[in-house]
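> Structure provided below as structure tokens; questions to follow.
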Amino acid sequence: MKNVIAIDGPSGAGKSTIAKLLAKRLNYLHLDTGAMYRAVTLAAIKNNIDFNQKNKLVELAKSIDITFDENGEIFLNGKNVTGDIRTAEVNNHVSEVASIKGVREVLVEKQQQLAQSNMVVMDGRDITTVVLPEAEHKFFLTASLAERAKRRYQEIKAKDKEADFEKIKNSIARRDKLDSERKHSPLKKAEDAVIIDTTDLSIDQVLDKMITIIEGDSR
Ligand code: DC
Numbered sequence: 010m011k012n013v014i015a016i017d018g019p020s021g022a023g024k025s026t027i028a029k030l031l032a033k034r035l036n037y038l039h040l041d042t043g044a045m046y047r048a049v050t051l052a053a054i055k056n057n058i059d060f061n062q063k064n065k066l067v068e069l070a071k072s073i074d075i076t077f078d079e080n081g082e083i084f085l086n087g088k089n090v091t092g093d094i095r096t097a098e099v100n101n102h103v104s105e106v107a108s109i110k111g112v113r114e115v116l117v118e119k120q121q122q123l124a125q126s127n128m129v130v131m132d133g134r135d136i137t138t139v140v141l142p143e144a145e146h147k148f149f150l151t152a153s154l155a156e157r158a159k160r161r162y163q164e165i166k167a168k169d170k171e172a173d174f175e176k177i178k179n180s181i182a183r184r185d186k187l188d189s190e191r192k193h194s195p196l197k198k199a200e201d202a203v204i205i206d207t208t209d210l211s212i213d214q215v216l217d218k219m220i221t222i223i224e225g226d227s228r
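Numbers in the working numbering are just positions in the sequence shown, counted from 1, shifted up by 9.
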């Protein structure tokens, strides 16, 4: 698939930040698929749906409208929810929602349609393996758990909010476990994805590495 870049990796590896900048540089659309799972989770909270009721969650995923604008902002039934999907409550339930097969089927179909009609940088957990295995370029971004927790901690502190490093680290470790051990489309590296360990790299260094690879591949 030409003009399609797929990026996977664990929470906090820098995928979304990098994907956004890469999309800007290439003039592609950025699609953060984690945001889509978060939007379904937010809709469930708003509709008081019990997280054990899988069928209801699948029906909900089918019935809601999720769209992105050209800046990568996400809209749920027309309302901008870019900020609302990042709360602790959504964090706590999103892995559960993302583990439901029917929910994944609905969102994967949407993601594949979006990649058919746009030049995209798409990031998530199963993009290189399930959603877009034929993407022109595939990357797996990772970083140590401590570094990922440090980044999240600094991100929260920068907003002048209270943050507890150990709690953040445990929460990321919990999500790593749920995302990699779940039955349907677990997080794993595609055999042909280029792995980039971002632990000791700046954002610019990661971007430069990726651009070099993309330009090299296209020659
Ligand atoms: O990247 P994130 O933290 O916004 O992702 C939120 C959750 O959604 C996380 O638990 C993993 C899950 N997810 C997924 O299962 N498949 C994707 N393609 C993207 C995210």
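Beta carbons: idealized from backbone N, C-alpha and C, even for Gly.
Apart from the five residues just before and just after Ala52, which ones in its own chain have a Cβ nearer than 7 Å to its Cβ?
Answer for Ala52: Leu69, Ile73 and Leu85, listed in chain order.
> CB Val99 to CB Leu66, shorter than 7 Å?
Taking 7 Å as the Cβ cut-off, Val99 and Leu66 do not qualify as a contacting pair.
> Sort out for me which residues DSSP pairs Lys63 with in a bridge.
Looking at the DSSP assignment, Lys63 forms no beta bridge with any residue, so it has no partner.
> For Val90, which of helix, strand or coil comes out of DSSP?
Of the three classes helix, strand and coil, the one that applies to Val90 here is coil, per DSSP.
> Which two residues bound the contiguous alpha helix (DSSP H) that contains Asp185?
Here the alpha helix (DSSP H) through Asp185 covers Phe174 to Glu190.
> Is Ala144 near the ligand DC, judged by its Cβ being under 6 Å from some heavy atom?
It does not: the Cβ of Ala144 is nowhere closer than 6 Å to a heavy atom of the ligand DC.
> Would you say the stretch 126-136 touches the stretch 24-39, given that touching needs at least three Cβ pairs under 8 Å?
Result yes; three or more Cβ-Cβ pairs closer than 8 Å.
> Going straight from the alpha carbon of Asn89 to that of Lys11, what length do you get?
Between Asn89 and Lys11, the C-alpha separation is close to 30 Å.
> Apart from the five residues on each side of it in sequence, which residues of its chain come closer than 6 Å, Cβ to Cβ, to Ala172?
Same-chain partners within the cutoff: Tyr162, Ile165 and Lys166.
> Taking the C-alpha atoms as reference points, what is the distance between Asp188 and Leu150?
Each residue's Cα considered, the two are about 15 Å apart.
> Using 8 Å as the Cβ pair cut-off and three pairs as the minimum, do the stretch 175-186 and the stretch 197-212 touch?
Touching, no, given that fewer than three Cβ pairs across the two stretches are closer than 8 Å.
> Between Gly225, His102, Ala28 and Tyr37, which lies nearest to Asn57 when the distance is taken from Cα to Cα?
Ranking Gly225, His102, Ala28 and Tyr37 by Cα distance to Asn57 puts His102 first.
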